[in-house]
Amino acid sequence: MAGVFLLRALNDGFAMPNKRKKIAIIGGDGIGPEVIREAKLLLDIYRDKAGLPLDLWELDLGADKFLRDGTTFPKEIQVAIQRECSAVLLGALGDPRVPNLEHAAAILFGMRFGYDLYSNIRPVTALADRLVPLTGRKAKDVNFVVFRENTEGIYAGMGGQFKRGTPDEVAINEDINTRKGVERIIRAAFEYARTHNRKRLTMADKSNAMRHAHELWLRVFNEVRAQYPDIESRHVYVDALCLYIIQDPSQFDVIVTNNLFGDIVTDLGAALQGGLGMAASANVHASDPTRVALFEPVHGSAPPLAGKDIANPFASLLTVGMLLAHIGYPEEETRIERCVTQALDEGMCTVDVGGKLGTRAAAAWVRDRVAESLNLTKT
Ligand code: NAD
Ligand code: IPM
Ligand code: MN
Numbered sequence: 096m097a098g099v100f101l102l103r104a105l106n107d108g109f110a111m112p113n114k115r116k117k118i119a120i121i122g123g124d125g126i127g128p129e130v131i132r133e134a135k136l137l138l139d140i141y142r143d144k145a146g147l148p149l150d151l152w153e154l155d156l157g158a159d160k161f162l163r164d165g166t167t168f169p170k171e172i173q174v175a176i177q178r179e180c181s182a183v184l185l186g187a188l189g190d191p192r193v194p195n196l197e198h199a200a201a202i203l204f205g206m207r208f209g210y211d212l213y214s215n216i217r218p219v220t221a222l223a224d225r226l227v228p229l230t231g232r233k234a235k236d237v238n239f240v241v242f243r244e245n246t247e248g249i250y251a252g253m254g255g256q257f258k259r260g261t262p263d264e265v266a267i268n269e270d271i272n273t274r275k276g277v278e279r280i281i282r283a284a285f286e287y288a289r290t291h292n293r294k295r296l297t298m299a300d301k302s303n304a305m306r307h308a309h310e311l312w313l314r315v316f317n318e319v320r321a322q323y324p325d326i327e328s329r330h331v332y333v334d335a336l337c338l339y340i341i342q343d344p345s346q347f348d349v350i351v352t353n354n355l356f357g358d359i360v361t362d363l364g365a366a367l368q369g370g371l372g373m374a375a376s377a378n379v380h381a382s383d384p385t386r387v388a389l390f391e392p393v394h395g396s397a398p399p400l401a402g403k404d405i406a407n408p409f410a411s412l413l414t415v416g417m418l419l420a421h422i423g424y425p426e427e428e429t430r431i432e433r434c435v436t437q438a439l440d441e442g443m444c445t446v447d448v449g450g451k452l453g454t455r456a457a458a459a460w461v462r463d464r465v466a467e468s469l470n471l472t473k474t
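Everything in the sequence shown is counted per the working numbering, starting at 96 for the first residue and increasing by one.
Following this line, the structure appears as structure tokens:
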């Protein structure tokens with residue numbers, strides 16, 4: 096199995112499959128509500144037919160709500176999620192009617208930063224040979240996991256504008272890198288490699304240009320790697336990483352990098368998976384898996400696709416798999432991935448991945464396979 100995510104060694108004590116788990120669901124903007132509707136129907140099967148003890152809590156947050164009454168991410172919702180939920184399933188945020196992305200930043204960063212979800216785990220896994228756009232490469236060659244630092248870097252939002260709108264204006268975004276932040280994401284990536292039998296780990300930075308911030312990354316990496324002699328580890332500059340990923344993706348098992356580079360590298364990775372409609376992700380506090388975790392497809396709200404029943408729902412279904420693995424059902428991640436793979440093999444998929452079906456029909460086909468494989472009646 097390719098995309099397996101669960102931090103097993105860390106989660107064993109937490110899983111407790113019989114304990115009720117509350118999951119907050121936020122469709123968001125653009126295609127978000129369309130793909131999350133399909134993902135929720137999959138969770139409904141697990142709750143209503145397979146008997147998993149799930150409580151699903153749908154939240155009306157996003158651009159529509161913001162434009163109606165100014166709501167972004169209310170403090171009481173943020174706190175209630177943190178107190179009551181095991182996981183959040185999020186579609187996407189971003190709407191052309193809100194050009195400064197005020198609500199999107201409040202909700203997305205309100206969870207990533209607010210819950211200190213420092214590991215953004217993004218499997219780059221191709222599920223069908225025909226989805227890999229590189230000459231001579233097959234699906235088996237595209238199978239690595241990116242650990243993206245998720246709480247600092249350039250995303251910290253420190254900086255400002257001075258003399259805005261004048262010929263002398265200055266705009267600054269500070270790149271924040273803390274010893275604690277750098278060490279914990281590098282360690283999480285090594286732990287993941289060790290517990291998932293991934294033999295090679297690559298740390299990517301730009302320490303040749305960012306001589307302060309990324310010298311810290313390189314130094315901490317060299318310290319931590321000494322504690323994992325069982326993992327073959329190497330450092331590469333991020334520009335060369337992009338080259339190597341395209342030249343031969345099969346050389347990578349686990350990649351760890353900072354927030355911004357991780358964002359960019361995982362869209363590059365998505366291109367090797369068949370596009371953003373295939374890329375799933377998790378945001379977790381890897382050293383305390385009992386904290387609420389956030390699960391989202393890597394893609395955004397894709398405004399030109401919205402409302403047309405053409406968005407690929409598979410990234411969201413695969414994201415449900417990561418979520419279920421995280422809360423104690425790792426075999427369901429395997430099952431969902433297998434059913435999505437079967438859909439691709441049989442052409443039961445959306446146009447972006449070579450099929451003819453709409454969002455709803457493609458997702459329903461996968462759900463039927465999941466239900467069959469669980470020995471349940473059709474949806
Ligand atoms: P995008 O991911 O929405 O789209 C990029 C490309 O991928 C487009 O060609 C789009 O058609 C395609 N695509 C994306 N999802 C797809 C799917 N499920 N099926 C088929 N094709 C798919 O990125 P963008 O256009 O740069 O951004 C649009 C908005 O989304 C912006 O407001 C951006 O800030 C936001 N965004 C949000 C998130 C998030 O909420 N996590 C992630 C990325 C972008
Ligand atoms: C992602 C997105 C976000 C990010 C945007 C919407 C801020 O691109 O989740 O990959 O850069 O993290
Ligand atoms: Mn992105």
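Glycine included, every Cβ here is placed at the ideal spot set by N, Cα and C.
query	result
Judging by CA-CA distance, which residue of ASP348, ALA134, LEU184 is the nearest neighbour of ASP236?	ASP348
Counting along the chain, where does the alpha helix (DSSP H) carrying MET417 start and finish?	409 to 421
Just the Cα atoms here: how many angstroms apart are GLY248 and CYS337?	20 Å
Which residues in the same chain as LYS233 place their Cβ atom closer than 7 Å to its Cβ, once the five residues preceding and following it in sequence are excluded?	ASP224, VAL227
Could you check if LEU203 belongs to the surroundings of the ligand IPM, using beta carbon to heavy atom distance under 7 Å?	yes
Determine the burial state of THR230: buried for a count of at least 16 other Cβ atoms within 10 Å of its Cβ, exposed for fewer.	exposed
Scan the segment 301 to 379 and note each continuous beta strand (DSSP E) run of 3 residues or more that stays entirely inside, going in chain order.	327 to 332, 349 to 352, 375 to 379
VAL219: beta carbon under 7 Å from a heavy atom of the ligand NAD?	no
Could you compute how far the alpha carbon of LEU389 sits from the alpha carbon of ASN378?	5 Å
Given this structure, state the Cα-to-Cα distance separating THR220 from ASN268, to the nearest angstrom.	33 Å
Going straight from the alpha carbon of ASP211 to that of LYS160, what length do you get?	25 Å
To the nearest angstrom, how far is it from the Cα of VAL446 to the Cα of GLU310?	44 Å
Looking at ALA374 and ALA92, is the spacing between their C-beta atoms short of 8 Å?	The question about residue 92 has no answer, for the chain in this structure spans 96 to 474.
Of the choices ASP404, ILE405, PRO398, whose alpha-carbon is the least far from that of PRO194?	PRO398
Tell me the DSSP secondary structure of VAL193 in three-state form.	coil
Whole angstroms is fine: what's the gap from ILE359's alpha carbon to ALA182's?	25 Å
Look up PHE390 in the DSSP assignment and give the residues it is bridged to.	LEU184, ALA377
For GLY395, verify whether its CB is less than 7 Å away from any heavy atom of the ligand NAD.	yes
Does the Cβ-Cβ distance between LEU270 and ALA308 come in under 8 Å?	First, the amino acid is wrong: residue 270 is Asp here, not Leu. Yes; because the gap between Cβ atoms is below 8 Å, this pair is in contact.
Is any non-hydrogen atom of the ligand IPM found closer than 7 Å to the C-beta of ASP358, if you look at the structure I gave you?	yes
Going by Cα to Cα distance, which pick from MET305, ASP334, LYS301, LEU296 is closest to ASP325?	LEU296
Around the C-beta of MET253, are 16 or more other C-beta atoms found within 10 angstroms, so that it is buried, or is it exposed?	exposed
For THR352 and VAL333, which I take to be in contact (beta-carbon distance under 8 Å), what is that distance rounded to the nearest angstrom?	7 Å
Quick one: residues in its chain with C-beta nearer than 7 Å to the C-beta of ASN113, no 5 flanking neighbours on either side, listed in chain order?	PRO148
Assuming contact is defined by CB atoms lying nearer than 8 Å, are ALA187 and PRO344 in contact in what I supplied?	no
Please list the terminal residues of the continuous beta strand (DSSP E) segment that includes ILE281.	Where ILE281 is concerned, there is no enclosing beta strand (DSSP E), although the alpha helix (DSSP H) it sits in stretches over 274 to 290.
Thinking CYS434 and VAL461 are a contact (beta carbons under 8 Å), I'd like their distance in whole angstroms, please.	5 Å
For the beta strand (DSSP E) containing LYS116, list its first residue and its last residue.	116 to 123
Closer than 7 Å to a non-hydrogen atom of the ligand MN - does that hold for the CB of ASP124?	no
Given this structure, state the Cα-to-Cα distance separating ARG455 from ASN292, to the nearest angstrom.	36 Å
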